[in-house]
Amino acid sequence: MKELSRTWTLAEALESMAQQLGLHGKIGEQMVVQQWRELVGEALANHAQVRSIRDGTMFITVEESSWRYEIHFNREALRRKINNKLGREIIKEIVVR
């Protein structure tokens, strides 16, 4: 912790520890996977699944070509939406397969 004279909330302390241990990005990536349905909505979540997130690149699997096409051309807007909802840039790129 940076300052001993300051009172920290548990959330602040955990956030600081995660950053110091290099886990901040991994925690954010897990949040995306766990909150996928809430982040993107029912319609998209029913047709697309997050397969993995590595170094800020999110890999999405889509079975139907129409959804694959839709996500591919709207991936930048989707990336911004996810990052905005989580309050920081976690996803840097989206790859649709």
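Throughout the sequence shown, residue numbering follows my numbering, covering 5 to 101 in sequence. Beta carbons are placed, not taken as given, at the ideal position from N, Cα and C, and that holds for glycine. Note that the structure is predicted; figures quoted are calculated from it, not measured.
Item to complete: Express the C-alpha separation of Tyr73 and Ile31 in angstroms, rounding to a whole number.
Response: 29 Å
Worksheet entry | Residue range of the alpha helix (DSSP H) that includes Glu80 | Arg79 to Leu90
Worksheet item: What are the start and end residues of the beta strand (DSSP E) that includes Gly97?
Response: A small fix is needed here, since residue 97 is Glu in this sequence, not Gly. Element bounds for Glu97: Glu97 to Val100.
Discussion item. With H, G and I counted as helix, E and B as strand and the rest as coil, what does DSSP make of Arg10?
Written reply: coil
Worksheet item: In three-state DSSP terms, what is Gln38?
Response: helix
Fill in: Limits of the alpha helix (DSSP H) - the one that Glu46 falls within
Glu46 to Ala49
Worksheet item: Relative to the alpha-carbon of His51, which residue among Trp40, Thr61, Gly60 and Arg58 has its alpha-carbon at the smallest distance?
Response: Trp40
Discussion item. DSSP three-state label for Ile94, please.
Written reply: coil
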